[in-house]
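In order, the protein sequence lines correspond to chains A and B.
Those letters in the first sequence? Residues 4 to 280, by this note's numbering.
Those letters in the second sequence? Residues 4 to 280, by this note's numbering.
2 protein chains.
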Amino acid sequence: MSEAGTGPEAERSEAQQFRLDFCFDGTAYQGWQSQPHGLTVQDILQQRMSTLFGGVPIRLQGSSRTDSGVHALHFVASFLAPPSPYIPDWKIKKALNRLLPPDIRILEAAPAAADFNARFSALGKAYTYVINTGTESPFAGRWSWQLTQCAELDAMREALRQLEGTRDFSSFTVDRKEIGSAVRTIHRASLDQFGPFLCLSFIGDGFLYKMVRGMAATIAAVGLGRKSPSEIPLILAAQDRCKAEPTAPAQGLFLMKVFYEGDSWQDFKLEKLPFYH
Amino acid sequence: MSEAGTGPEAERSEAQQFRLDFCFDGTAYQGWQSQPHGLTVQDILQQRMSTLFGGVPIRLQGSSRTDSGVHALHFVASFLAPPSPYIPDWKIKKALNRLLPPDIRILEAAPAAADFNARFSALGKAYTYVINTGTESPFAGRWSWQLTQCAELDAMREALRQLEGTRDFSSFTVDRKEIGSAVRTIHRASLDQFGPFLCLSFIGDGFLYKMVRGMAATIAAVGLGRKSPSEIPLILAAQDRCKAEPTAPAQGLFLMKVFYEGDSWQDFKLEKLPFYH
């Protein structure tokens with residue numbers, strides 16, 4: 004089998020582009036992206052992958068930057084794997100999961116096209132923000148924002164509709180140091196209810212820094228009766244961060260899915276709580 | 004109001020027995036009970052309560068010992084509160100929650116009868132053990148035992164029935180240094196299914212050291228097809244720990260409820276996953 008180089012036992016004799024799909028509980032990490040200080044998901048993954056590939060440094064390209072404390076139900080990264088006498092491709096997922104802490108779990112590790120890049124090949128993303136309107140709990144508290152009085156669901160739905168479409172989202176992002184347009188398209192902004200939990204889901208072609216948490220906080224203000232849905236267009240038009248609510252806490256946010264060629268955002272449906280998984 | 008000493012603003016002029024109801028995620032703790040080494044839930048609570056009562060040491064009596072890593076949806080402790088010019092009784096819950104880390108949450112703090120003792124007044128307990136038969140996840144992994152192949156639900160139910168009643172549970176406990184009978188009554192042992200999660204619930208008048216995790220592991224072995232329900236009576240009769248399965252991991256176990264006078268165990272019903280709360 005290994006002579007033909009096609010069987011599952013085949014070793015890789017050349018560098019190969021890979022796609023890595025994984026999920027993580029972000030509580031313990033300073034976000035995805037490697038930083039001078041603090042532990043990130045990227046650091047942990049690169050360390051363990053280097054171990055797996057016999058000490059060769061591995062550089063991961065992530066689909067997104069996620070902030071400190073944010074979670075991912077489905078994050079994607081790409082990497083170039085060195086020729087490997089160490090481990091066959093089909094064993095990477097299992098071997099990596101054995102090396103990783105339980106708060107990071109590999110869903111899939113598979114060879115990809117040579118030009119696949121987790122960041123630049125991404126066509127869109129879906130995020131879900133979880134609000135707990137029930138009792139405070141040590142279990143849900145890790146993964147939701149506690150807002151007992153957030154009850155105006157119809158108004159929240161109306162406000163979410165106002166965010167859909169192609170708009171300038173300057174009012175919902177912080178730190179506009181990045182040069183470039185703040186225009187993004189939100190294909191769908193919706194609310195799902197699971198018991199006392201309200202889930203705000205946003206599907207779009209791309210999101211600015213802290214934009215989802217800015218929108219979630221503003222929709223929550225509508226749910227609390229402090230803002231009306233009719234204010235959303237005014238906030239958008241102002242292109243002024245001060246008009247929207249301050250950024251919502253990180254622990255309620257989940258990156259749910261990254262869309263690539265062949266995926267359809269219309270197929271995204273939240274069937275349960277992100278952490279009920 | 005405070006002159007009459009009956010209003011919510013009244014200060015306590017004498018020591019008062021209290022009942023404290025709370026829940027905790029046990030992941031970060033070495034169990035409930037204070038120990039020479041390591042951090043326990045009791046340590047944290049006593050420290051914070053001492054702060055609350057102006058530096059007076061507070062000693063908590065817990066309803067149960069829970070092992071390192073075990074969780075509680077509803078734990079009860081009693082304590083004698085000193086005369087307090089510091090804080091009115093009705094503010095204890097809120098003030099304590101502000102001082103505590105998010106993985107310990109007070110549900111209620113209320114004056115109790117002078118002879119109330121969380122341990123000795125307890126009439127019974129309910130525990131639930133969570134098995135995840137679905138995909139491995141950084142979210143559920145914290146609070147369940149991953150056993151993808153655990154599928155023989157009818158056999159598990161039959162095995163659980165064999166544990167009900169008044170029996171000697173020596174085969175399911177470790178470290179029988181404690182002198183006394185290993186006879187306990189299990190009122191009900193049942194299985195509930197929530198999506199891919201199997202919940203084993205045990206209601207009894209009392210449980211021996213690591214008994215629930217010993218039973219859970221043995222029922223799981225039935226679910227995996229490695230044991231048959233007809234072996235349960237033989238395991239019980241042997242009064243030999245080696246006949247049952249090794250203790251199941253701590254992270255799947257939840258103390259669900261402690262029953263006191265006025266509570267009925269028949270009313271206990273698992274309506275959702277313990278951590279879906």
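Note that beta-carbon positions come from the ideal geometry of N, C-alpha and C, so glycine has one too.
Assumed close pair Pro141(B), Arg229(A) - CB separation to whole angstroms, cut-off 8 Å
Contact doesn't hold; Cβ gap of about 34 Å is too wide.
Would you say Gly72(A) faces chain B, with C-beta separation under 7 Å as the test?
no
Any C-beta of chain B sitting closer than 7 Å to the C-beta of Glu234(A)?
no
When you compare the CB of Cys26(B) with every CB in chain A, is at least one pair closer than 7 Å?
yes
Reducing DSSP to helix, strand and coil, say where Ala75(B) ends up.
strand
Would you list, in chain order, the members of the segment 135-162 of chain A that have their beta-carbon closer than 9 Å to a beta-carbon of chain B?
Gly137, Thr138, Glu139, Ser140, Pro141, Phe142, Ala143, Gly144, Arg145, Trp146
Backbone CA spacing between Met52(B) and Arg145(A) [nearest angstrom]:
24 Å
Any C-beta of chain D sitting closer than 7 Å to the C-beta of Phe82(A)?
This model lacks chain D altogether, as its protein chains are A and B.
Suppose contacts are defined by Cβ-Cβ distances below 7 Å. Is Val261(A) in contact with Ala125(A) by that definition?
yes
So with CB distances below 7 Å, who are the chain A contacts of Phe278(B)?
Phe142
Please identify the residue among Gln50(B), Gln64(B), Lys128(B) whose C-alpha is closest to the C-alpha of Gly58(B).
Gln50(B)
Alpha carbon to alpha carbon, how far is Cys153(A) from Val133(A)? Give it in angstroms, no decimals.
12 Å
I want to verify the contact list: residues of chain A whose CB lies under 8 Å from the CB of Arg108(B), in sequence order.
Glu139, Ser140, Pro141, Gly144
Excluding the 5 residues preceding and the 5 following Pro39(A) in the sequence, name in chain order all residues of the same chain whose CB lies nearer than 8 Å to its CB.
none
For Gly265(A), count neighbouring Cβ atoms within 10 angstroms of its own Cβ and tell me buried if that reaches 16, exposed if not.
exposed
For chain A, is any of its Cβ atoms less than 7 Å away from the one on Pro105(B)?
yes
Beta carbon of Ala75(A) nearer than 7 Å to that of Leu258(A)
yes
Tell me which residues share the same chain as Gln196(B) and place their Cβ nearer than 8 Å to its Cβ, disregarding the 5 neighbours each side in the sequence.
Leu156, Cys202
So the beta strand (DSSP E) Asp171(A) belongs to, where does it begin and stop?
168-171
Start and end residues, beta strand (DSSP E) containing Gln20(B)
19-27
So with Cβ pairs under 7 Å, would you call Ala7(B) a contact of chain A?
With a pLDDT of only 42 at Ala7(B), under the threshold of 50, the placement of this residue in the model should not be trusted; the figure read from the coordinates follows. Cβ-Cβ to chain A under 7 Å: no for Ala7(B).
At which residue ranges does the segment 193-239 of chain B contain complete beta strand (DSSP E) runs of 3 or more residues, listed in the order of the chain?
200-207
Can you tell me where the beta strand (DSSP E) holding Ala113(A) begins and where it ends?
107-114
In the DSSP output, which residue or residues are listed as bridge partners for Phe123(A)?
Answer is none; Phe123(A) lacks a bridge partner.
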